[in-house]
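*Asks:* As given, the protein sequences belong to chains V and X, one line each in that order.
Going left to right, the first sequence walks through residues 1 to 280 as the numbering used here numbers them.
Going left to right, the second sequence walks through residues 281 to 1106 as the numbering used here numbers them.
For glycine and all other residues, C-beta sits at the position ideal for the given N, C-alpha and C.
Since the structure is predicted, the reported quantities are computational estimates derived from the model, not experimental observations.
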Amino acid sequence: MAKILRRERLVPNLHVLEVSAPEVARKSLPGQFVMVMPDERGERIPLTIADWDREKGSVTAVFMTVGTTTHKLARLSAGDEIPVFVGPLGKPSDIQNYGTVLLAGGCFGIAAIYPIARALKEAGNKVITLIDVKAGYLLYWEEKLRKVSDRFLVSARDHRFATKDYVPAKIKSLLAEGAKVDRAVAIGCTYLMYSACEATRPAGIKTMVSLNPIMVDGTGMCGACRCAVEGKTRFACVDGPDFDGHAVDWAELFARRKSYLDDEIRSLCYWERTQLAPCA
Amino acid sequence: MNITIDGRRFEVQGTKTVLEIAKENGIYIPALCSHPRLAPYAACRLCVVEIKGRSGLHPSCNTYPEDGMAVVTDSEPLRLQRLKTLELILSEHPNACLICAEKEKCEDHKASIRKVGEVTGCVFCPSNRRCELQEVVGKLKLDSLPYDSVYRGLEVRRGDPFFIQDYNLCILCGRCVRVCREVRGAAVISIVRRGSEAVVGTALDRKLMDAGCQFCGACVDVCPTGALAERASRHEPPPDAVAKTVCPHCGVGCRLDVETLQGRIVASRPDASLEAPAVNRGQACVRGRFTLRDTVASPRRLRRPMIRKDGKLVETGWDAALAFVAAGLKPRAGKAALVASSQLSLEDLFVLDLFSRSALKADGIVASLGPSILDELSAAAGGLKAPPRASLADVAKARTILVLGENVAVSHPVAWVEILDAVRRGGRLLVVGPKDDPMSRHASLSLKVRPGGEPALLAAVSKALLEKGAPSGLKGFDAFKRSLDGSSLAACCESAGVKEEDCRRLAGALAEGGPAALVFGQGLCGAPWTKACVSNLWNLALQTGAALFPLAEESDSFGAWLLMRRRAAGAPDLAAVLRAAAAGTLKALYLAGPASLPAKHGLEFLVVQDSFMNDSCQAADAVLPAATFAETEGNWVNLEGRAQKSMKAIEPLGEAKPDWWIASRLAGLMGADGCAFEGADRIKERIDEEGLLAVREEGGQGFLAACPPGGPADKAGEYPLVLLGEYSPDYYRTLALCQTSPDFKVLRDPGWIKIGPEDAAGAGLQEGATAHVESSSGTMEAVVRITAGMPKGVAAVSRLDHGLSGFSRLSAAAAGSARVKITRVN
Ligand SMILES: Cc1cc2nc3c(=O)[nH]c(=O)nc-3n(C[C@H](O)[C@H](O)[C@H](O)COP(=O)(O)OP(=O)(O)OC[C@H]3O[C@@H](n4cnc5c(N)ncnc54)[C@H](O)[C@@H]3O)c2cc1C
Ligand code: SF4
Ligand code: SF4
Ligand code: SF4
Ligand code: FES
Ligand code: FES
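As structure tokens, this is what we get:
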């Protein structure tokens, strides 16, 4: 059992979850994740650790409501207890002084890149943060990120930013204007990570992505999270989740993420109809 | 007259708007607030056009042609103006995906995250790829916006069954508000607050449920955006196939588009066509719109044949099951009956009827619902060959409409829509019944009679009309007149429980001329006063020249009636069948329709053929899984007597087979001739060869003897309340809709007892409490729903027994009502 200290909606569909888990907080490193279960009957899902406070003994994650389990999480509030909150799992991200590192994040990835940006900055890198949002009202943690970034950029489809860009366009223009980038990291939806990799590929910039295949146990036992990297089968939960994005078989990953779509849709519809008012 | 649009000449009538004329001729004008079923509103301003010789821009949805008018639909100023208008509409609408260059690729890859709770872009939206706003953006080639994106941040409203309201997506086109008021007569929603605060809502911000919403879904279907979305399917991608079907629920026979995805039903919507042959003109009701998906996929579905072995039902294959059933039925031929649901297709019923005659040596099928209103009418009129027929279109054109014995708004909601159409055209609605219902709000006269007082009121109206003079020369008139001599108008009115002056007003309205329609339904059936009521209506129709409009209750009641009138000895009901079983004259029963028969009632062999596991399976010797309406094709004969073809939407679940197929195969095994069919088409050809549907109206039938008051003696005594057994149409075959749809359970449940606030308080009953109901012949329990329209001394439960209502236990003799007392269960 772990106690929730905070559960708030940051922007539409994205919630922050802070949980009291001193053991996890003590060992957390950038790029690692936790497995969470909102109730005894639910599924276990992986969430990236977005921040931690070793003194307070708390761990923070940001999640997007995309299905039954995340919708259940979004209905919990401070004081509630959840049966499973285990971690940290997965290999931490590589943190060295690379020179200039470009960090691209979208959706929950905006939060997920935060600890990586902080660590890279501490390691002496120049950090360029590139956030993708559909619209300005979906932007969160801007101040937090600016503090650990040397440059802060936004790509959006919103008049407020006077552009109508998506991540790859921003990366391309950044490179075109002569910015020297030694390494890149992209976290967010699969499509964002894939597009970022495609944009850095011509310039040969090594780009790390945090893969998000379906995970069940998160400890290398079930095989659910298998992905193909450099033609080899890897278990994202123990061999990753960070991989070299240029070596990932994206087509396979897209297909696998969709494999249970039909069941997931029915599961969510059923849950919404039976658990959300008025039929509950 | 002649007009030109963009230089093209058109000959037009002047009844259609410029927008409609353009659309019919393939000229595109963007339009978001207009809708073919609704009066012009001219709010979105996208449809503006130029008219030569007039200054300014004119909304084409609100402009009617004039001779010589020259319209321009496309010009630089128009394009600019429309873009500006669209930009404003989108300034508070999630617009990123609309203008995003990556949309298509992203959509493909983001399938897995479409299921978010708040829609911040098209890829997350339930309307994606069927959205009218998207279409307009595409047509006008808008690709950027001069405004910062704003998310209104209104809470997504999930507090109601069936659909979710996300007004962050609303563009205030007002279609939902207008369809609810103009077409459905419900006026549940309106645009509340003003200016930038404007939003669609209910009075006092109540839930739709509490504001009188019937969940007809009309608002959902006219909404051009994703603001209103069906809860059960809102995360589903668009369908990959659509089948044109006929709703299996009520006699209207609404045409429905059943949408499927990989062989599974995802949704059903009314066929959008406004022209004949679509009877429903784009409308449906909660049953057709929101329950079919759950019904067909119900966990109660029977998937494999079962036969009883050593006292237990065991699954088996078709060959073994059919052989077993044939062997059980054959020796009992001549002592067997077949009961069928009038929700089956005409083809199914036709073959079941043949089978019952040729193989079972019975007198044809018996309808499980019991006598339909068509039976009652033909019985009263001494054996009609065909009921007088009116069409829904006639009803919509009537000047005066009397509704009796049925809450049409619930039983036949789309017939109600046509009645409202008549009211909107200046027609007068007269409502007669024992309780207040939502129809009264639209009535120019609404008379509350005491339960069972209907025949007395009708006799009184006939009397009042006689005073005004009467048609003469019709057969039986003198006898009719004499039959009314015995009682005075005052006595009739007193017996009906209405004021004499109200009765005269009703008579006056009916006599006033213009086409009139007398609409009546199943609510009258089964009560001891049914015959009196129907005879008196018949006479009233002759006196006033009004059309009789019997509301055939089930989707194929008319078809079943056509078949059953061929019976040698009238139509017995299920009760008669069970009496024969108890008396030992009936040995085998073939049940292809709802009847709660958990025990064998003296039968030796019971076969249940159905789509759903039900009570009767407990006693059955064999259970045969039948396909549902969506899994077979066939015709359903609606209340106008019109056969409508319904297509197959999906393959039958499991090993289920069409009803006709099962009967046809059994007949073959039992050595009966003439039942071998290979497809529904062949059966229909045979039906046409026999001229079953070619029924003509009977002329020359004269007046009947009037049935003056008498009615049941009103002794309160030990049982102070009259309990009405209402016809509740919320079932498909043996499945009650509340058993399969969690949403429907909130709306209506046959396990409820409706009681007025005063009586409830008197008995110490709270909303939702369990009530113990007792009559001289039995008891039942029901959940209390305090209902404002119930008069003092009257309560109501569902009459139909799906094992959920115990009404039959309370009213051994009279099925229409019972005297009861109600106490609280602690
Ligand atoms: C290492 C890792 C870290 C992640 N970090 C975050 C995060 O910080 N914030 C966040 O919002 N999301 C994160 N995700 C994705 C998150 O786990 C899924 O969105 C979540 O499991 C969805 O569950 P659901 O029941 O709500 O939705 P479902 O309806 O079950 O699924 C929605 C979609 O999520 C994916 N998914 C479903 N189950 C799993 C699972 N067990 N493991 C992985 N993906 C699944 C599928 O592609 C599916 O199509 C991460 C995933 C991985 C593998
Ligand atoms: S309503 Fe239409 S335009 Fe708006 S988000 Fe939904 S699909 Fe896109
Ligand atoms: S469902 Fe029907 S009754 Fe309810 S708000 Fe919509 S249109 Fe009105
Ligand atoms: S909810 Fe839909 S139909 Fe109603 S006003 Fe808004 S956009 Fe129009
Ligand atoms: S989640 Fe089971 S092996 Fe990785
Ligand atoms: S369609 Fe004419 S103003 Fe909206």
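Tell me, please, whether the region 782-790 of chain X touches the region 737-750 of chain X by the rule of three or more beta-carbon pairs shorter than 8 Å.
*Replies:* Contact between the region 782-790 of chain X and the region 737-750 of chain X is present, because at least three Cβ pairs lie under 8 Å.
*Asks:* At which residues does the beta strand (DSSP E) containing asparagine 282 of chain X begin and terminate?
*Replies:* Here residue 282 of chain X corresponds to residue number 2 of the second sequence, with the count starting at 1. That run of the beta strand (DSSP E) goes 282-285.
*Asks:* Within the same chain, show all residues whose beta-carbon is closer than 7 Å to that of valine 84 of chain V, passing over the 5 residues directly before and after it, in chain order.
*Replies:* Against the first sequence, residue 84 of chain V aligns to sequence position 84. Counting only Cβ-Cβ distances below 7 Å, and skipping sequence neighbours, we find Met35, Val36, Met37, Arg44.
*Asks:* Would glycine 136 of chain V pass as an interface residue toward chain X - the criterion being a Cβ-Cβ separation below 8 Å?
*Replies:* Position 136 of the first sequence, counted from the start, is the residue given in the question as residue 136 of chain V. Yes, glycine 136 of chain V counts as interfacial toward chain X.
*Asks:* Kindly indicate if chain X contains any beta-carbon less than 8 Å away from that of asparagine 13 of chain V.
*Replies:* The count along the first sequence starts at 1 and reaches residue 13 of chain V at position 13. Closer than 8 Å: yes.
*Asks:* Quick check: is any heavy atom of ligand 7 less than 7 Å from the C-beta of leucine 488 of chain X?
*Replies:* Annotation note on ligand 7: not contained in the displayed structure, which lists ligand 1, ligand 2, ligand 3, ligand 4, ligand 5 and ligand 6 as its ligands.
*Asks:* Looking at proline 504 of chain X and ligand 4, is the gap between the Cβ and the nearest heavy atom below 7 Å?
*Replies:* Residue numbering aside, residue 504 of chain X sits at position 224 when the second sequence is read from its first letter. Flag set: Cβ of proline 504 of chain X near ligand 4.
*Asks:* Please list the segments of the beta strand (DSSP E) lying wholly inside the region 600-644 of chain X, counting only runs of 3 or more residues, in order along the chain.
*Replies:* 616-620, all fully within the region 600-644 of chain X.
*Asks:* May I ask you to report which of helix, strand or coil DSSP gives tryptophan 809 of chain X?
*Replies:* Translated into the one-based positions of the second sequence, residue 809 of chain X becomes position 529. Of the three classes helix, strand and coil, the one that applies to tryptophan 809 of chain X here is coil, per DSSP.
*Asks:* For lysine 755 of chain X, does the count of other Cβ atoms within 10 angstroms reach 16, so buried, or fall short, so exposed?
*Replies:* Within the second sequence, numbered from 1, the residue matching residue 755 of chain X stands at position 475. Classification for lysine 755 of chain X: exposed.
*Asks:* Between histidine 1111 of chain X and chain V, is the shortest Cβ-Cβ distance under 8 Å, so that the two count as touching?
*Replies:* Beyond the ends of chain X as shown, which are 281 and 1106, falls residue 1111 of chain X; an answer cannot be given.
*Asks:* Name the chain X residues whose beta carbon is nearer than 7 Å to that of threonine 65 of chain V?
*Replies:* Looking up residue 65 of chain V in the first sequence gives position 65. Per Cβ cutoff of 7 Å: Val396, Gly397.
*Asks:* Could you give the distance in angstroms between the alpha-carbon of glycine 245 of chain V and the alpha-carbon of serine 173 of chain V?
*Replies:* Looking up residue 245 of chain V in the first sequence gives position 245. Looking up residue 173 of chain V in the first sequence gives position 173. In a straight line, the C-alpha of glycine 245 of chain V is about 20 Å away from that of serine 173 of chain V.
*Asks:* Check the C-beta distance from leucine 822 of chain X over to leucine 798 of chain X and give it rounded, since I have them as a contact under 8 Å.
*Replies:* Numbered from 1 along the second sequence, position 542 holds the residue referred to as residue 822 of chain X. Numbered from 1 along the second sequence, position 518 holds the residue referred to as residue 798 of chain X. Going by Cβ atoms, the distance from leucine 822 of chain X to leucine 798 of chain X rounds to 11 Å, so no, they are not a contact pair.
*Asks:* For serine 429 of chain X, which residues of its own chain have a beta-carbon under 7 Å away from its beta-carbon, when the five flanking residues on both sides are left out?
*Replies:* In the second sequence, counting from the first residue as 1, residue 429 of chain X sits at position 149. So the list reads Asn375, Ala376, once near-sequence residues are dropped.
*Asks:* Under 8 Å: do the region 876-884 of chain X and the region 902-912 of chain X share three or more Cβ pairs, one atom per stretch?
*Replies:* Flag = no, the region 876-884 of chain X and the region 902-912 of chain X do not touch.
*Asks:* If you compare alpha carbons, which of V/Thr129, V/Glu143, V/Lys134, V/Ala169 is closest to aspartate 150 of chain V?
*Replies:* Working through the first sequence from its first residue, we reach residue 150 of chain V at position 150. Out of V/Thr129, V/Glu143, V/Lys134, V/Ala169, V/Thr129 has the C-alpha closest to the C-alpha of aspartate 150 of chain V.
*Asks:* Buried or exposed, going by whether 16 or more other CB atoms sit within 10 Å of the CB of valine 51 of chain V?
*Replies:* Sequence index remark: in the first sequence, residue 51 of chain V carries index 51 (1-based). Per the sequence shown, residue 51 of chain V should be read as aspartate rather than valine. Looking at its Cβ environment, which holds 16 or more other Cβ atoms inside 10 Å, aspartate 51 of chain V is buried.
*Asks:* List the DSSP bridge partners of tyrosine 1012 of chain X.
*Replies:* By 1-based counting over the second sequence, the position of residue 1012 of chain X is 732. Tyrosine 1012 of chain X is bridged to X/Leu1015.
*Asks:* Are any of the Cβ atoms in chain X nearer than 8 Å to that of lysine 164 of chain V?
*Replies:* Your numbering for residue 164 of chain V matches position 164 in the first sequence. Yes, because at least one Cβ of chain X sits closer than 8 Å to the Cβ of lysine 164 of chain V.
*Asks:* Which of helix, strand or coil does DSSP assign to glutamine 293 of chain X?
*Replies:* Locating residue 293 of chain X in the second sequence gives position 13, where the first residue counts as 1. Glutamine 293 of chain X: coil per DSSP, three-state reduction.
*Asks:* If we ignore side chains and look at the alpha-carbon of each, how far apart do glycine 67 of chain V and aspartate 262 of chain V end up?
*Replies:* In the first sequence, residue 67 of chain V corresponds to position 67, counting from 1. In the first sequence, residue 262 of chain V corresponds to position 262, counting from 1. If I take the Cα positions, the gap works out to 12 Å.
*Asks:* Rounded to the nearest angstrom, how far is the Cβ of alanine 491 of chain X from that of alanine 478 of chain X, given a contact under 8 Å?
*Replies:* Here residue 491 of chain X refers to the residue found at position 211 of the second sequence. Here residue 478 of chain X refers to the residue found at position 198 of the second sequence. Contact doesn't hold; Cβ gap of about 18 Å is too wide.
*Asks:* Confirm the yes/no value for this check: CB of cysteine 313 of chain X, any heavy atom of ligand 6, distance under 7 Å.
*Replies:* The residue given as residue 313 of chain X occupies position 33 in the second sequence. Yes, Cβ of cysteine 313 of chain X sits closer than 7 Å to a heavy atom of ligand 6.
*Asks:* Would you give the residue range spanned by the alpha helix (DSSP H) that proline 168 of chain V belongs to?
*Replies:* Sequence index remark: in the first sequence, residue 168 of chain V carries index 168 (1-based). Start and end: 167-176.
*Asks:* For the region 59-124 of chain V, which segments carrying the beta strand (DSSP E) assignment without a break, of at least 3 residues, lie completely within its bounds, in sequence order?
*Replies:* If we require 3 residues or more, the beta strand (DSSP E) runs fully inside the region 59-124 of chain V come out as 84-89, 100-106.
*Asks:* Do the region 405-416 of chain X and the region 506-526 of chain X meet, that is, are 3 or more Cβ pairs less than 8 Å apart?
*Replies:* Contact between the region 405-416 of chain X and the region 506-526 of chain X is present, because at least three Cβ pairs lie under 8 Å.
*Asks:* In angstroms, rounded to a whole number, what distance separates the CA positions of glycine 240 of chain V and phenylalanine 443 of chain X?
*Replies:* On the first sequence, residue 240 of chain V is found 240 positions in, with the first residue counted as 1. On the second sequence, residue 443 of chain X is found 163 positions in, with the first residue counted as 1. So the two alpha carbons sit approximately 42 Å from each other.
*Asks:* Let me confirm a value: arginine 26 of chain V is counted as buried when at least 16 other C-beta atoms fall within 10 Å, else exposed. Which label applies?
*Replies:* Start at 1 with the first residue of the first sequence, and residue 26 of chain V comes out as number 26. Exposed.
*Asks:* How many Å lie between cysteine 405 of chain X and valine 396 of chain X at the Cα?
*Replies:* Translated into the one-based positions of the second sequence, residue 405 of chain X becomes position 125. Translated into the one-based positions of the second sequence, residue 396 of chain X becomes position 116. Approximately 9 Å between the Cα atoms of the pair.
*Asks:* Please report the straight-line C-alpha distance between lysine 728 of chain X and cysteine 460 of chain X, rounded to a whole angstrom.
*Replies:* Here the question's residue 728 of chain X lines up with position 448 in the second sequence. Here the question's residue 460 of chain X lines up with position 180 in the second sequence. For lysine 728 of chain X and cysteine 460 of chain X, the distance between alpha carbons rounds to 27 Å.
*Asks:* Below 8 Å on the Cβ atoms is my guess for valine 209 of chain V versus alanine 179 of chain V; work out the distance and round it to an integer in Å.
*Replies:* Position 209 of the first sequence, counting from 1, holds the residue named residue 209 of chain V. Position 179 of the first sequence, counting from 1, holds the residue named residue 179 of chain V. Actually they do not touch by this definition, with Cβ atoms about 20 Å apart.
*Asks:* So with CB distances below 9 Å, who are the chain V contacts of proline 426 of chain X?
*Replies:* As a working mapping, residue 426 of chain X is identified with position 146 in the second sequence. Going along chain V in sequence order, the residues near proline 426 of chain X (Cβ under 9 Å) are His159.
*Asks:* Please enumerate, following chain order, all residues with a beta carbon closer than 6 Å to at least one heavy atom belonging to ligand 3.
*Replies:* The set, ordered by position in the chain, is X/Val459, X/Cys460, X/Arg464, X/Ala466, X/Val468, X/Ile469, X/Leu488, X/Cys493, X/Gln494, X/Phe495, X/Cys496, X/Gly497, X/Ala498, X/Cys499.
*Asks:* So, for lysine 72 of chain V: in the same chain, excluding its five sequence neighbours on each side, which residues have a beta-carbon less than 7 Å away from its beta-carbon?
*Replies:* Looking up residue 72 of chain V in the first sequence gives position 72. Hits under 7 Å: Pro38, Asp39, Gly42.
*Asks:* Is the distance from the Cβ of threonine 266 of chain X to the Cβ of valine 329 of chain X below 8 Å?
*Replies:* Because chain X spans 281 through 1106 in this model, residue 266 of chain X falls outside it and cannot be assessed.
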